[in-house]
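Novice: Numbering (my numbering), first residue to last: 10 to 80.
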């Protein structure tokens with residue numbers, strides 16, 4: 010299978026996002042990425058790859074939803 014260009018990958022991401030009726034902002038929050046990053050990936054200005062990923066489970070900007078209270 011031939012590899013896809015960053016633009017083709019971005020178009021696929023945008024299509025799937027729209028199919029799921031998500032905004033770019035909602036996708037950015039769900040993926041733990043910035044809105045400018047999502048916009049850049051979707052337009053092909055930034056490749057989506059190993060350097061563009063959600064953080065590992067357990068890393069958050071605040072307490073984990075399954076953390077005991079007070080943590």
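Each residue gets a CB set at the ideal place from its N, CA and C atoms; glycine is no exception.
None of the values given here were measured: they were computed from a predicted structure.
So residue 39 and residue 50 are supposed to be a Cβ contact under 8 Å. How far apart are they, rounded?
Specialist: The sequence position of residue 39 within the chain shown is 30, counting from 1. The sequence position of residue 50 within the chain shown is 41, counting from 1. That belief does not hold up - the Cβ atoms of residue 39 and residue 50 are roughly 14 Å apart, past 8 Å.
Novice: What's the gap between the Cα of residue 33 and the Cα of residue 55?
Specialist: Looking up residue 33 in the chain shown gives position 24. Looking up residue 55 in the chain shown gives position 46. Computed Cα separation, rounded: 15 Å.
Novice: Please confirm whether residue 52 and residue 36 have their CB atoms less than 8 Å apart.
Specialist: If you number the chain shown from 1, residue 52 lands on position 43. If you number the chain shown from 1, residue 36 lands on position 27. Cβ distance not < 8 Å, so residue 52 and residue 36 don't count as in contact.
Novice: How would you write the range of the alpha helix (DSSP H) that residue 24 sits in, first residue to last?
Specialist: By 1-based counting over the chain shown, the position of residue 24 is 15. Element bounds for residue 24: 15 to 28.
Novice: For residue 80, count neighbouring Cβ atoms within 10 angstroms of its own Cβ and tell me buried if that reaches 16, exposed if not.
Specialist: Locating residue 80 in the chain shown gives position 71, where the first residue counts as 1. No answer about residue 80 holds up, because its pLDDT of 48 lies below 50 and its placement is not dependable.
Novice: Please return the same chain residues whose Cβ sits closer than 8 Å to the Cβ of residue 28, not counting the five positions on each side in sequence.
Specialist: In the chain shown, counting from the first residue as 1, residue 28 sits at position 19. If we look at residue 28 and ignore the five residues flanking it on each side, it has no Cβ neighbours.
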